[in-house]
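Numbering (the working numbering), first residue to last: 39 to 362.
The following block contains the structure:
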């Protein structure tokens with residue numbers, strides 16, 4: 039059965055609708071240029087998985103409150119800021135099929151817009167004394183930055199092993215989903231123990247989410263990011279790391295040489311993809327992804343059964359069954 043976002047959202051449909059209105063208000067600015075850019079960002083929002091994790095986690099742990107809306111908005115504001123800055127760093131002209139902010143308004147404005155979004159998120163928390171939530175979100179943003187920098191450092195040397203890879207994806211992807219779940223729990227007054235448990239649950243989901251993303255690089259799904267983009271960008275992902283670890287020394291050296299010097303050639307990228315597939319790299323990554331999902335659901339099952347918990351389970355399944 040293919041899960042739809044609309045079905046998964048059912049227990050929080052009213053809250054998500056209200057959140058959209060509140061978020062638009064949080065984004066408003068009296069500077070016309072900024073307001074124009076904010077409207078553009080809001081219009082091209084994606085599936086809203088992050089606010090869904092916030093609201094469903096809140097529903098699992100208690101009654102959704104005004105604090106939950108602010109927590110969801112803080113996550114979205116700070117995460118959107120990092121995406122705007124990422125597009126500048128990557129010199130990327132597109133984001134989710136739309137022109138990026140830097141493509142339309144140039145880098146200088148994009149950097150300032152990112153700064154504005156960060157400050158809105160910080161002020162939203164300070165104005166309402168949401169200090170616990172601010173700490174959770176700020177920690178995630180710090181980890182996200184560290185993870186990106188660690189990946190850049192390692193990409194230069196192409197010396198990532200599995201342990202380093204897990205640390206990179208824990209920081210740059212899993213930390214954000216973990217913070218969504220922890221924010222949801224914290225926003226309804228859950229104990230530290232419960233907040234920590236939801237954080238651990240979200241982290242495992244985030245690990246599985248990133249491994250699923252890595253698998254898209256090898257064309258296992260018809261839709262997704264461009265085939266071989268990670269290889270072209272010299273990113274060492276789990277299927278490739280596994281394949282290299284189990285290859286004879288000469289073959290390993292040959293593949294690393296292709297990634298280092300010839301990853302701009304489509305036929306050479308295809309060669310690396312074929313090597314990974316033949317080495318069982320995809321099967322191994324799939325198994326690791328499923329292990330993280332199982333661990334996440336085991337944690338979630340410690341909470342009482344409810345429509346929110348069932349939807350959160352479905353959302354976990356959606357993250358690993360999605361086709362893009």
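Each residue gets a CB set at the ideal place from its N, CA and C atoms; glycine is no exception.
Same chain only: Cβ atoms within 8 Å of residue i, ignoring 5 sequence neighbours per side
| i | result |
| --- | --- |
| residue 57 | 89, 93, 107, 110 and 111 |
| residue 352 | 41, 45 and 46 |
| residue 269 | 255, 278, 297, 301, 307, 310 and 311 |
N- and C-terminal bounds of the alpha helix (DSSP H) containing residue i
| i | result |
| --- | --- |
| residue 208 | That residue, residue 208, is in no alpha helix (DSSP H); it is neither H nor E in DSSP. |
| residue 66 | Note, residue 66: premise wrong, no alpha helix (DSSP H); not H, not E. |
| residue 289 | 287–299 |
| residue 217 | 213–225 |
| residue 191 | 169–195 |
| residue 272 | Here residue 272 belongs to no alpha helix (DSSP H), and DSSP marks it neither H nor E. |
| residue 349 | 345–359 |
| residue 333 | 319–338 |
| residue 100 | Note, residue 100: premise wrong, no alpha helix (DSSP H); not H, not E. |
| residue 253 | 230–254 |
| residue 85 | Residue 85 -> no alpha helix (DSSP H), and no H or E assigned at all. |
| residue 50 | Counting along the chain, residue 50 falls outside any alpha helix (DSSP H), and DSSP gives it neither H nor E. |
Contact set for residue i: own chain, Cβ-Cβ below 6 Å, skip 5 residues either direction
| i | result |
| --- | --- |
| residue 159 | 112, 115 and 116 |
| residue 263 | Since pLDDT at residue 263 reaches only 45, below the 50 mark, its modelled position is unreliable, and the value read off the structure follows with that caveat. For residue 263, where only same-chain residues beyond five positions count, the Cβ hits under 6 Å are 254. |
| residue 224 | 170, 171 and 233 |
| residue 189 | 206 |
| residue 186 | 210 |
| residue 178 | 213, 214 and 217 |
| residue 95 | 219, 222, 223 and 236 |
| residue 145 | 126 |
Nearest to residue i (by Cα), restricted to the options the options
| i | options | result |
| --- | --- | --- |
| residue 299 | 271, 279 and 182 | 271 |
| residue 315 | 295, 285 and 304 | 285 |
| residue 319 | 211, 213, 283 and 143 | 283 |
| residue 181 | 193, 217, 243 and 153 | 217 |
| residue 221 | 209, 207 and 237 | 237 |
| residue 48 | 354, 350 and 317 | 350 |
| residue 162 | 201, 60, 192 and 346 | 60 |
| residue 273 | 340, 354, 195 and 289 | 195 |
| residue 240 | 290, 155, 69 and 331 | 331 |
| residue 79 | 339, 119 and 87 | 119 |
| residue 355 | 74, 66 and 91 | 91 |
| residue 147 | 73, 201 and 176 | 73 |
| residue 156 | 291, 65 and 276 | 65 |
| residue 345 | 97, 54 and 86 | 97 |
| residue 322 | 53, 230 and 252 | 252 |
Cβ-based neighbour list, residue i, same chain, cut-off 7 Å, excluding 5 preceding and 5 following
| i | result |
| --- | --- |
| residue 227 | 100 |
| residue 357 | 243, 246, 247 and 250 |
| residue 51 | none |
| residue 149 | 123 and 126 |
| residue 267 | 255 |
| residue 104 | none |
Identified DSSP bridge partners for residue i
| i | result |
| --- | --- |
| residue 313 | Its beta-bridge partners do not exist; DSSP assigns none. |
Notebook entry, point to check: Are the segment 322–341 and the segment 245–253 in contact at 8 Å, needing three or more beta carbon pairs?
Noted result: yes
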